[in-house]
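**Q** Below is the structure I would like to discuss, written out as structure tokens.
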């Protein structure tokens, strides 16, 4: 495995891309794509077709009555990993989703960033959240409700390379090299509800 600094250089493409896109990227091990679709609230047998990342957001904007009525997310398997990508969605950043996606001996890691530049990295192993933090606020120790894993100790999240650093950590922890072409590829796409609608009866859905 390359050094983290080498991986950060590799993911330099994420910095300019962050000026035009927002995302929630989740990587899951230990289950199939159908399980992940169901965990996010979708129906594995009801794909809306194959869309690109931008097409998915355009479809939502043109058909949803208001933001949050529903979302579209893309999902595919590559080797032992299942990758889920959300454009302007955030289901993958919810602790309860992470727990459910990683049940039994599964592993889950998600990197979310919104239009305001706020970010969250969450990791779960075997149904338990093991990391939950805002990358740009790691200096000084965990904020209230955060979980800092050993693998971020000594990591410098500089504003000019924070996105690249997050993708580098994702590869370091999952073994999956995220490819920028996935943002352009037509991928199987599914309709999912707002996670707070899906999890309305779960009192601690937001609690790591």
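Numbering (my numbering), first residue to last: 1 to 208. Beta carbons: idealized from backbone N, C-alpha and C, even for Gly.
Name the one or two DSSP bridge partners that residue 182 has.
**A** None; residue 182 has no bridge partner.
**Q** Name the DSSP beta bridge partners of residue 128, please?
**A** Residue 128 is bridged to 125.
**Q** Taking 8 Å as the threshold, find out whether the stretch 149–162 comes into contact with the stretch 23–40 through three or more Cβ pairs.
**A** Because the criterion of three Cβ pairs below 8 Å is not met, the stretch 149–162 and the stretch 23–40 do not touch.
**Q** Applying the criterion that 16 or more other CB atoms from any shown protein chain within 10 Å of the CB defines a buried residue, is residue 153 buried or exposed?
**A** Per the 10 Å Cβ criterion, exposed.
**Q** So, for residue 50: in the same chain, excluding its five sequence neighbours on each side, which residues have a beta-carbon less than 8 Å away from its beta-carbon?
**A** Once the five neighbours on either side are set aside, the close Cβ partners of residue 50 are 186, 187, 188, 189.
**Q** When you compare the CB positions of residue 66 and residue 199, do they come within less than 8 Å of one another, or not?
**A** It is not a contact, given that the beta carbons lie outside the stated cut-off.
**Q** Please state if the CB of residue 122 and the CB of residue 195 are separated by a distance shorter than 8 Å.
**A** No; because the gap between Cβ atoms is not below 8 Å, this pair is not in contact.
**Q** With a threshold of 8 Å on Cβ separation, who are the neighbours of residue 90 within its own chain once the five nearest residues in sequence on each side are excluded?
**A** Closer than 8 Å at the Cβ level, and outside the excluded window around residue 90, lie 24, 112, 114, 195.
**Q** Identify the residues that DSSP records as bridge partners of residue 24: which are they?
**A** Answer is 86, 112, bridged to residue 24.
**Q** Can you tell me the Cα-Cα spacing of residue 7 and residue 75, whole angstroms?
**A** Their backbone Cα atoms lie some 24 Å apart in a straight line.
**Q** Where does residue 82 land, buried or exposed, given buried means 16+ other C-beta within 10 angstroms?
**A** Residue 82 comes out buried.
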